[in-house]
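Peer 1: Here our numbering is used: position 134 in the sequence shown is 214, and no number is missing along the way.
All C-beta atoms in this analysis are idealised placements derived from N, C-alpha and C, irrespective of residue type, glycine included.
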Amino acid sequence: MNFHRYYPIDVVNGPGTRCTLFVAGCEHHCPGCYNQSTWRLDSGRPFTAADEDRILRDLNDRRIPRQGLSLSGGDPLHPQNVPAVLHLLERVRQECEGKDVWLWTGYTRAELSPEQRPVLALIDVLVDGRFIRERYNPSLPWRGSDNQVIHYF
Ligand code: SF4
């Protein structure tokens, strides 16, 4: 998996203070996407074991309490990103206590494949669906268009 940006302190992508990772790769190509530079799987740079360790360290850093981790992109559920996302989230669940995980994807929950579905067991909130420009609503919290759904698990 490649990624574009990592924010160790983020107050925009989800509730509270968070760590946020924007991964590379998205096959939805929504007209009006504000993140087109992330579409290619080989854009950005490789997400290494050191990057994963850093996220775990930041989540457990008591000097700056984080509510949780946000995964966005690109699409964290692009089939080629799923193994790395599962690995990261399994570690978050094992090594970080009391953190919530939000994940944004262009797939709807109903569209998820058997390979993608195990991610749902490791997250707290899924914001799903493609961005539809005609349904853009800037007053919606945590999503861009009103077809997108926030699923709380
Ligand atoms: S799913 Fe998100 S990142 Fe992918 S094209 Fe649509 S708006 Fe852009």
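Alpha carbon to alpha carbon, what distance is there between E214 and R142?
Peer 2: Taking the sequence shown and counting its residues from 1, one reaches residue 142 at position 62. Taking the sequence shown and counting its residues from 1, one reaches residue 214 at position 134. Taking the straight line joining both Cα atoms gives about 43 Å.
Peer 1: Tell me the rounded alpha-carbon separation between C110 and F102.
Peer 2: For the purposes of this step, residue 110 is taken as residue 30 along the sequence shown, with counting starting at 1. For the purposes of this step, residue 102 is taken as residue 22 along the sequence shown, with counting starting at 1. Whole-angstrom Cα-Cα distance: 17 Å.
Peer 1: Count the other CB atoms within 10 Å of the CB of P156; is the residue buried (16 or more) or exposed (fewer)?
Peer 2: The count along the sequence shown starts at 1 and reaches residue 156 at position 76. P156 counts as buried, since at least 16 other C-beta atoms from the protein chains shown sit within 10 angstroms of its C-beta.
Peer 1: Do the CB positions of H231 and R189 come within less than 8 Å of each other?
Peer 2: Translated into the one-based positions of the sequence shown, residue 231 becomes position 151. Translated into the one-based positions of the sequence shown, residue 189 becomes position 109. Taking 8 Å as the Cβ cut-off, H231 and R189 qualify as a contacting pair.
Peer 1: Whose C-beta lies closer than 6 Å to the C-beta of Y86 among residues of the same chain, with five residues either side of it excluded?
Peer 2: Counting from one through the sequence shown, the residue named residue 86 turns up at place 6. The answer, listed in chain order, is L101.
Peer 1: Can you give, in chain order, each stretch of the alpha helix (DSSP H) that sits fully within the region 112-172 and has at least 4 residues?
Peer 2: 129-139
Peer 1: Consult DSSP for P88 and reduce its assignment to one of helix, strand or coil.
Peer 2: By 1-based counting over the sequence shown, the position of residue 88 is 8. In this structure, P88 counts as strand in the three-state DSSP scheme.
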